[in-house]
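Presented below is the structure to which this report refers.
In the working numbering, the protein residues as written are 4 to 80.
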């Protein structure tokens, strides 16, 4: 099981579970590039990633909402 603070793994798992392996991985790469980081290393990174996903349509935006909630839950621990 992935630890809740393994930010990159959490985001990738959510994306691939919802969008499929290939699409999820490609979207992960695109959004990481868009926000200017190589990987997610903190709740703040995850929140930026989630916000960028939220700007997209459909299920990608829904995953962004889930990841934003996840970031909020662990941000101040």
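Backbone N, C-alpha and C define an ideal beta-carbon position, used for all residues, glycine too.
Nearest to residue i (by Cα), restricted to the options the options
i	options	result
residue 74	38, 40, 41, 48	48
residue 11	21, 53, 26	53
residue 68	40, 50, 22	50
Beta-carbon separation (whole angstroms), residue i vs residue j, contact threshold 8 Å
i	j	result
residue 37	residue 55	5 Å
residue 9	residue 46	That belief does not hold up - the Cβ atoms of residue 9 and residue 46 are roughly 12 Å apart, past 8 Å.
Same chain, Cβ closer than 8 Å to residue i, five either side skipped, listed in chain order
i	result
residue 57	64, 67, 68, 71
residue 1	Nothing can be reported for residue 1: it is not among the residues displayed for the chain, which extend from 4 to 80.
residue 15	27, 28, 31
residue 22	30, 62, 63, 66
residue 44	10, 11
Residues near residue i in its chain [Cβ-Cβ closer than 7 Å; skip 5 each side]
i	result
residue 34	52, 55, 56
Cβ shell of residue i (< 6 Å), same chain only, five flanking positions each side left out
i	result
residue 27	18, 19
residue 6	none
residue 59	none
Cβ neighbour criterion (16 or more within 10 Å) applied to residue i
i	result
residue 31	buried
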